[in-house]
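Going by my numbering, the sequence shown opens with residue 126, and the numbers climb by one from there. Please read the structure below before turning to the comments.
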Amino acid sequence: MSRGRDKFKKFSSIIMFLVRLTGFLPLCMLKQFLSFFQQTKGTRGLVIRYILLKCICLECGDNVSVHPNVYLFYPERLSLGNNVSIHPMCYIDAVGNISIGNDVSIAHGATILSSSHNYQRLDVPIKDQGLTTKKTIIEDNVWIGAKATVLYGITVETGSIIGANSVVTKNINSNTIVAGVPAAIVNTRVMEKSKE
Numbered sequence: 126m127s128r129g130r131d132k133f134k135k136f137s138s139i140i141m142f143l144v145r146l147t148g149f150l151p152l153c154m155l156k157q158f159l160s161f162f163q164q165t166k167g168t169r170g171l172v173i174r175y176i177l178l179k180c181i182c183l184e185c186g187d188n189v190s191v192h193p194n195v196y197l198f199y200p201e202r203l204s205l206g207n208n209v210s211i212h213p214m215c216y217i218d219a220v221g222n223i224s225i226g227n228d229v230s231i232a233h234g235a236t237i238l239s240s241s242h243n244y245q246r247l248d249v250p251i252k253d254q255g256l257t258t259k260k261t262i263i264e265d266n267v268w269i270g271a272k273a274t275v276l277y278g279i280t281v282e283t284g285s286i287i288g289a290n291s292v293v294t295k296n297i298n299s300n301t302i303v304a305g306v307p308a309a310i311v312n313t314r315v316m317e318k319s320k321e
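The following block contains the structure:
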């Protein structure tokens with residue numbers, strides 16, 4: 126099956142040359158370029174964002190497709206595996222580190238967080254109490270549905286599916302389908318028997 130992001134393979138040597146060339150720029154400049162090209166559409170936008178993320182992220186695998194109008198905060202604390210697609214209007218805040226594995230599809234409007242506001246003190250406005258950060262991990266072969274939210278410190282294990290509009294507040298075991306607010310198990314994925 127051919128995927129749109131597979132077109133990177135055809136130009137991989139040119140892309141890697143541009144990554145090496147661009148990699149000499151300071152982080153602040155790379156992030157400014159990423160912001161500047163955030164809304165660029167088509168193959169041109171996909172390739173430019175891919176090159177910049179290869180230079181910025183902790184790790185960035187092959188065939189990473191970040192569509193227009195994806196909001197990436199602290200991309201220098203973000204790890205992306207191979208064959209990752211992040212669709213328009215997603216919000217990913219990696220201030221506390223986010224790791225996204227291989228073959229992950231993140232549908233439009235999804236949110237992945239790695240921090241939460243502190244709120245314990247009553248004598249200080251919540252907005253002035255700072256943040257608590259915790260690494261969020263999305264393992265391999267995960268599908269995050271449209272407008273789903275994964276809260277900070279969560280691990281979504283391999284093969285899981287998060288239903289559209291769900292809010293994930295607890296870790297998700299492998300091959301589990303969750304949905305709802307808060308997200309709860311609705312099914313599990315099992316190996317189909319071959320038809321012989």
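Ideal Cβ placement from N, Cα and C applies to all residues, glycine included.
When you compare the stretch 172-182 with the stretch 135-153, are there three or more beta-carbon pairs, one atom per stretch, that lie closer than 8 Å? Counting Cβ pairs under 8 Å, three or more are found: they touch.
Is it true that the stretch 221-234 meets the stretch 246-255, where meeting means three or more beta-carbon pairs spaced less than 8 Å apart? no
For my contact list, Ser241 and Ser210 are in at a C-beta cut-off of 8 Å; report their separation, rounded to the angstrom. At roughly 27 Å, the Cβ-Cβ gap does not stay under 8 Å, so Ser241 and Ser210 are not in contact.
Return yes when the Cβ of Val293 is within less than 8 Å of the Cβ of Thr313, no when it is not. no
Have a look at Tyr244 and Gly255 and give me their C-alpha separation to the nearest angstrom. 9 Å
Beta-carbon spacing of Gly305, Ser291 below 8 Å: Cβ atoms of Gly305 and Ser291: closer than 8 Å.
Cβ-based burial, Ile297 [other Cβ within 10 Å; buried from 16]: buried
Would you mind sorting Ile310 into buried or exposed? The rule is 16 or more other CB atoms within 10 Å of its CB. By the 10 Å Cβ count, Ile310 comes out exposed.
Classification of Cys153 by the beta-carbon crowding that lies within 10 angstroms, buried from 16 upward: exposed
May I have the straight-line CA-CA distance separating Leu203 from Asn222, to the nearest angstrom? It is roughly 6 Å from the alpha-carbon of Leu203 to the alpha-carbon of Asn222.
For a quick check, are the C-beta atoms of Leu155 and Cys182 less than 8 Å apart? no
Taking the C-alpha atoms as reference points, what is the distance between Pro193 and Asn208? Computed Cα separation, rounded: 17 Å.
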